[in-house]
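Participant:
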Amino acid sequence: MSGEHRVDPWIEAIGGLPRVMPDASRAEATRRRCGLLLDRKRLPAAGAGEPRRARPDEGWPVGNGEPVNG
Amino acid sequence: MDGDSALVARLKAADGDAFDELFARFHPRLFNFLARLSRRRDVAEDLLEETWLRVVAHAPRLRPDTCLAPWLFTIARNLFASYCRSRQVDYEAAVGIHLWPVPAPSPSPFEAAAAGQLQKRIEVALATLPGTYREALLLVALEGMTPSEAAVVCGVSPDAMRQRLSRARALLADRLEGAASVRVARLGEVWP
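So the protein sequences, as listed, match chains A and B.
Add 159 to a position in the first sequence, counting from 1, and you land on the number used in this note's numbering.
Add 6 to a position in the second sequence, counting from 1, and you land on the number used in this note's numbering.
In structure tokens:
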């Protein structure tokens, strides 16, 4: 904060007000939701429009319809 | 904020770790701002979630020289303004009466009580200020922004923001000192 506003004791007192903390579980849910949205944004660019390939631990058909891992 | 450019570049690439870093840095600050602006926890939580969704939506289009704090607070502030419009709440008069959590304890009970009293008076005085003055004080005094950064958030010129801050300080001091003089007068009635 600029010194210009430090001279006022009431302004300093506002700076000393206790922080109001957000709900932790809701914060985590929001962060996860945004993380999923970011994943969706990133994947099309990485895959250039092709279906995503199955990860080794995925045993069901993905993208081209061919089963992976049997 | 020169330190923002690397993080901005990563956000533009939809880097999840960059988002987590941004979230950790700003989530509590944005909540604090929205909660004191709206005076309602539930509204602040809703608006904050919407703020982050907007961040994700707009991150790929960020300019490389974006300063993140003013950008984030602008989104949050605009969402609150939209909320006021949609609910036909007068932005200038948006004052709710909600109790805040008890402040962290001070070293002694006397100091805690005195600090608590002062903080309560400030909270009440702040809550009764018109919205434009309240947001100016919150951004500069509580969030530590420069008047120029606060001006960006509120969509006004730096000069207009300085004027607004000056009026806000005067109004706040007037209300706080007015309340104090009333209390002294009452004490005088008890202790002649």
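Virtual Cβ for every residue (Gly too), placed ideally from N, Cα, C.
#1: Curious, which full-length beta strand (DSSP E) runs of at least 3 residues does the segment 109–178 of chain B contain?
#2: Using a Cβ cut-off of 8 Å, which residues of the segment 187–202 of chain A contact any Cβ in chain B, in chain order?
#3: Please report how far the alpha carbon of proline 113(B) lies from the alpha carbon of leucine 202(A), in whole angstroms.
#4: Run down chain A in chain order and give the residues with a C-beta less than 7 Å from the C-beta of asparagine 38(B).
#5: Work out the CA separation of asparagine 84(B) and arginine 91(B) for me, nearest whole Å.
#6: Taking the alpha-carbon positions, what's the glycine 102(B) to tryptophan 58(B) distance?
#7: The alpha helix (DSSP H) that contains valine 61(B), what's its start and end?
#8: Tell me which residues share the same chain as proline 76(B) and place their Cβ nearer than 6 Å to its Cβ, disregarding the 5 neighbours each side in the sequence.
#9: Is the CB of arginine 42(B) under 9 Å away from at least one CB in chain A?
#10: How many angstroms separate the CA atom of glutamate 141(B) from the CA atom of proline 153(B)?
#11: What do you get for proline 107(B), buried or exposed, if any count of 16 or more other CB atoms within 10 angstroms of its CB means buried?
#12: If the cut is a Cβ gap below 8 Å, which residues of chain A does aspartate 26(B) touch?
#13: Within its chain, find whatever has a CB closer than 7 Å to the CB of arginine 181(B); leave out the 5 residues flanking it on each side and keep chain order.
#14: According to a CB-to-CB cut-off of less than 8 Å, which residues of the segment 9–35 of chain B neighbour chain A?
#15: Give the range of the alpha helix (DSSP H) segment to which leucine 68(B) is assigned.
#16: In the DSSP assignment, find the unbroken alpha helix (DSSP H) run with leucine 43(B) in it and report its ends.
#17: Is there a C-beta anywhere in chain A that falls below 9 Å from the one on valine 61(B)?
#18: Nearest chain A C-beta to isoleucine 81(B) closer than 9 Å, yes or no?
#19: Relative to chain A, which residues along the segment 144–167 of chain B have a C-beta separation below 7 Å, given in chain order?
#20: Does alanine 179(B) have its Cβ less than 9 Å from a Cβ in chain A?
#21: Measuring straight from C-alpha to C-alpha, what distance separates methionine 145(A) and threonine 189(A)?
#22: Rounded to a whole number of angstroms, what is the C-alpha to C-alpha distance between leucine 196(A) and alanine 179(B)?
#23: Can you find a C-beta in chain A that's less than 9 Å from the C-beta of proline 76(B)?
#24: Relative to the C-alpha of leucine 13(B), which candidate in Arg127(B), Val162(B), Gln169(B) and Asp71(B) has its C-alpha closest?
Facilitator: Once the coordinates are examined:
#1: If we require 3 residues or more, the segment 109–178 of chain B turns out to have no beta strand (DSSP E) run fully inside it.
#2: Across the segment 187–202 of chain A, CB contacts with chain B closer than 8 Å involve Thr189, Arg190, Arg192, Cys193, Gly194, Leu196, Leu197, Asp198, Lys200 and Arg201, in sequence order along the chain.
#3: Residue placement at proline 113(B) cannot be trusted, given a pLDDT of 49 that sits under 50; the coordinates are not used to answer.
#4: Per Cβ cutoff of 7 Å: Arg178 and Val179.
#5: When rounded, the distance between both Cα atoms is 10 Å.
#6: Unreliable placement is indicated for glycine 102(B), whose pLDDT of 45 sits below 50; the coordinate value is still reported in the next sentence. Roughly 24 Å separates the two Cα atoms.
#7: Taken as a continuous stretch (DSSP letters only), the alpha helix (DSSP H) holding valine 61(B) covers 47–64.
#8: Within its own chain, the residues whose Cβ lies closer than 6 Å to the Cβ of proline 76(B), once the five positions on either side in sequence are excluded, are Glu155, Val158 and Val159, listed in chain order.
#9: Cβ-Cβ to chain A under 9 Å: yes for arginine 42(B).
#10: Taking C-alpha positions only, glutamate 141(B) is separated from proline 153(B) by approximately 12 Å.
#11: Any reading at proline 107(B) must be qualified, since the residue scores a pLDDT of 45, below 50, and its modelled position is unreliable; the value itself is stated next. Here proline 107(B) is exposed, its C-beta having fewer than 16 other C-beta atoms within 10 Å.
#12: Arg190 and Gly194, listed in chain order.
#13: Within the same chain, arginine 181(B) has close Cβ partners Ala131 and Thr134.
#14: Residues Ala19, Ala20, Asp21, Gly22, Phe25, Asp26, Phe29, His33 and Pro34.
#15: That residue, leucine 68(B), is in no alpha helix (DSSP H); it is neither H nor E in DSSP.
#16: For leucine 43(B), the enclosing alpha helix (DSSP H) has its first and last residue at 22–44.
#17: Flagged as an interface residue toward chain A: valine 61(B), by a C-beta distance shorter than 9 Å.
#18: No, isoleucine 81(B) lies away from the interface with chain A (no Cβ there is under 9 Å from its Cβ).
#19: Correct list: Val146, Ala147, Leu148, Gly150, Thr152 and Pro153.
#20: Among the CB atoms of chain A, one or more fall inside 9 Å of the CB of alanine 179(B).
#21: In the structure as shown, chain A starts at 160 and stops at 229, and residue 145(A) therefore has no counterpart that could be examined.
#22: Taking the Cα positions, leucine 196(A) is about 46 Å away from alanine 179(B).
#23: Interface flag for proline 76(B) against chain A is unset, since no Cβ pair is found closer than 9 Å.
#24: It is Asp71(B) whose Cα lies nearest to the Cα of leucine 13(B).
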